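Residue numbers for the sequence shown follow our numbering, beginning at 8 and rising by one. Positions of the beta carbon are idealized from the N, C-alpha and C atoms, including for glycine. Just so you know, these numbers come straight off a predicted model, no measurement behind them. This report refers to the structure that appears directly beneath it.
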Amino acid sequence: MVLGFNDNAKVFIDTQFPSNLSEFLGITPQKLKGLVEDHMQRKMEPNYAELVLENEISIASFYTGFSFRHYVGKPNYAITVFLSDDDILSKDFEGMMRRIAYELLPKREALNFDDIFGRYYDMLKNEELTPYWEETVEGETSKVLIKDEKEHLDTEEEQIEHKTKEEIPTEPGGYELLKEFEAIKEKNQELEGMLEEKTGKLRELTNKYTELMEEKNQNNEQVEKLKAEVSEQYIKLEKWSQQMADLNENNAKLLEEVKELNDNVSLRKDEIEVKEKKIENLKKELKSVEEFEKQAEKSLKEKEDLKRINLSLNAEIEKFATEIKKLEEQIEKSKNENSIHIDSITSLKLEVKTLKDKFTSEKKEGEKVKNDIFDLKKEIKVLRRERDHYKKIVKDNNLL
8 MVLGFNDNAK VFIDTQFPSN LSEFLGITPQ KLKGLVEDHM QRKMEPNYAE LVLENEISIA
68 SFYTGFSFRH YVGKPNYAIT VFLSDDDILS KDFEGMMRRI AYELLPKREA LNFDDIFGRY
128 YDMLKNEELT PYWEETVEGE TSKVLIKDEK EHLDTEEEQI EHKTKEEIPT EPGGYELLKE
188 FEAIKEKNQE LEGMLEEKTG KLRELTNKYT ELMEEKNQNN EQVEKLKAEV SEQYIKLEKW
248 SQQMADLNEN NAKLLEEVKE LNDNVSLRKD EIEVKEKKIE NLKKELKSVE EFEKQAEKSL
308 KEKEDLKRIN LSLNAEIEKF ATEIKKLEEQ IEKSKNENSI HIDSITSLKL EVKTLKDKFT
368 SEKKEGEKVK NDIFDLKKEI KVLRRERDHY KKIVKDNNLL
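Here it is, written out as structure tokens:
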């Protein structure tokens with residue numbers, strides 16, 4: 008597999024051979040968490056690891072390094088090989104994986120990348136790849152010595168030193184040469200110590216820069232989250248305002264209906280008073296018994312009709328009174344809801360103000376982080392110049 012790492016050091020499967028490897032072995036980015044932690048604990052420099060996953064699958068993996076400081080082939084990738092119980096890895100296996108990273112990853116955008124990946128798999132399986140031990144450090148290439156080569160060089164240096172101490176004094180001017188050799192060797196050790204110190208400080212600053220970049224990304228995520236919360240609160244505020252407008256409109260309609268009902272009740276009362284006055288006038292106009300009886304009979308009929316009309320009007324009045332009572336209850340309920348919504352709007356406005364203040368604070372902190380990063384970059388630039396200066400001294404004096 009070729010594994011990629013995003014800005015938050017989270018792993019994803021970039022490509023694989025065969026294409027169904029992850030499905031067949033049940034491999035997910037979550038199950039590779041232990042591998043990611045192992046690689047990241049080594050200061051994000053190129054490193055090699057062999058371990059067993061939670062599902063008892065053995066793997067060997069080479070991480071190419073972080074892009075800013077130190078990498079092989081292409082930064083922020085890992086070449087991962089899944090092993091069977093019968094696999095016995097040679098001492099050059101790490102070097103062969105480094106060779107794959109160095110030659111394969113720069114071709115990642117090629118159209119036939121999957122075919123090239125498959126050929127490198129076959130060469131790795133048949134041990135046909137020569138080991139590669141070089142690494143790119145800030146645009147340069149440095150040699151990474153394996154253990155056997157380092158021991159061989161140490162042995163040669165001891166032989167040269169032994170020969171110098173034993174044989175040079177017997178030659179003419181040997182003691183002067185030996186003294187000059189010791190001085191050069193002491194100067195060389197001093198320069199190597201200074202170079203090692205500067206390299207360590209540069210690595211420390213690089214790690215600090217990486218931490219600041221991660222902190223900056225976290226702050227950016229927090230700012231985006233606060234922006235989303237502010238937008239959400241504005242949406243809620245708009246929603247509540249719309250509901251308030253709807254309630255006010257409904258309240259106005261209810262008040263208009265109550266007014267119409269009151270007008271109808273007053274009209275009915277006026278009609279009843281007119282009818283009653285008519286009855287009184289008819290009683291006064293009766294002069295004789297016959298006329299009185301006839302008029303009385305007629306009045307009784309009218310009275311009965313008026314009673315029926317009155318009963319009907321009373322029923323309507325009761326109905327209207329009931330409706331008025333319900334409307335008054337609705338009006339009271341609407342008033343209560345209006346009061347609740349007004350309190351909610353006030354609370355929302357306070358929350359929006361708090362979020363705005365928090366957003367402003369986060370933004371200022373982000374500016375401070377940017378300034379720190381700029382200062383670190385300037386310091387790194389000065390350290391690089393010093394390193395180049397010491398390298399030039401070593402090279403000009405032929406001290407290596």
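C-beta atoms of residue i and residue j nearer than 8 Å
i           : j           : result
residue 223 : residue 376 : yes
residue 77  : residue 9   : no
residue 341 : residue 257 : yes
residue 366 : residue 234 : yes
residue 12  : residue 83  : yes
residue 62  : residue 38  : yes
residue 57  : residue 67  : yes
residue 32  : residue 89  : yes
residue 97  : residue 134 : yes
residue 3   : residue 36  : Nothing can be reported for residue 3: it is not among the residues displayed for the chain, which extend from 8 to 407.
residue 313 : residue 282 : yes
residue 122 : residue 22  : no
Where residue i falls, given that 16 or more other Cβ within 10 Å makes a residue buried
i           : result
residue 389 : exposed
residue 241 : exposed
residue 307 : exposed
residue 71  : buried
residue 274 : exposed
residue 361 : exposed
residue 79  : buried
residue 204 : exposed
residue 286 : exposed
residue 218 : exposed
residue 213 : buried
residue 326 : exposed
residue 111 : buried
residue 34  : buried
Close-in-space but distant-in-sequence residues of the same chain around residue i (CB under 8 Å, 5 per side omitted)
i           : result
residue 335 : 265
residue 337 : 261
residue 363 : 237
Same chain, Cβ closer than 6 Å to residue i, five either side skipped, listed in chain order
i           : result
residue 24  : 124, 125, 128
residue 136 : 103, 106, 130
residue 387 : 212
Given residue i as reference, the closest of the options once Cα atoms are compared
i           : options            : result
residue 262 : 205, 274, 332, 277 : 332
residue 99  : 232, 138, 109      : 138
residue 3   : 133, 121, 355      : No answer is possible for residue 3: the residues shown for the chain start at 8 and end at 407.
residue 397 : 195, 47, 216, 320  : 195
residue 394 : 348, 97, 207, 16   : 207
residue 289 : 249, 271, 310, 270 : 310
residue 344 : 403, 392, 255, 202 : 255
residue 405 : 188, 133, 142      : 188
residue 232 : 22, 270, 369       : 369
residue 216 : 392, 379, 46, 228  : 379
Chain-order list of residues whose beta-carbon lies under 7 Å from that of residue i (same chain, five-residue window excluded)
i           : result
residue 372 : 226
residue 69  : 55, 85, 86, 101, 104, 105, 108
residue 201 : 397
residue 14  : 224
residue 272 : 324, 327
Rounded separation between residue i and residue j - CA only
i           : j           : result
residue 339 : residue 353 : 21 Å
residue 186 : residue 192 : 10 Å
residue 92  : residue 64  : 9 Å
residue 329 : residue 323 : 10 Å
residue 381 : residue 49  : 25 Å
residue 209 : residue 27  : 43 Å
residue 359 : residue 251 : 19 Å
residue 383 : residue 116 : 33 Å
residue 280 : residue 305 : 19 Å
residue 184 : residue 197 : 20 Å
residue 400 : residue 199 : 11 Å
residue 321 : residue 284 : 19 Å
residue 150 : residue 392 : Note on residue 150: pLDDT 46, under 50, position unreliable in the model; no value is reported.
residue 269 : residue 319 : 17 Å
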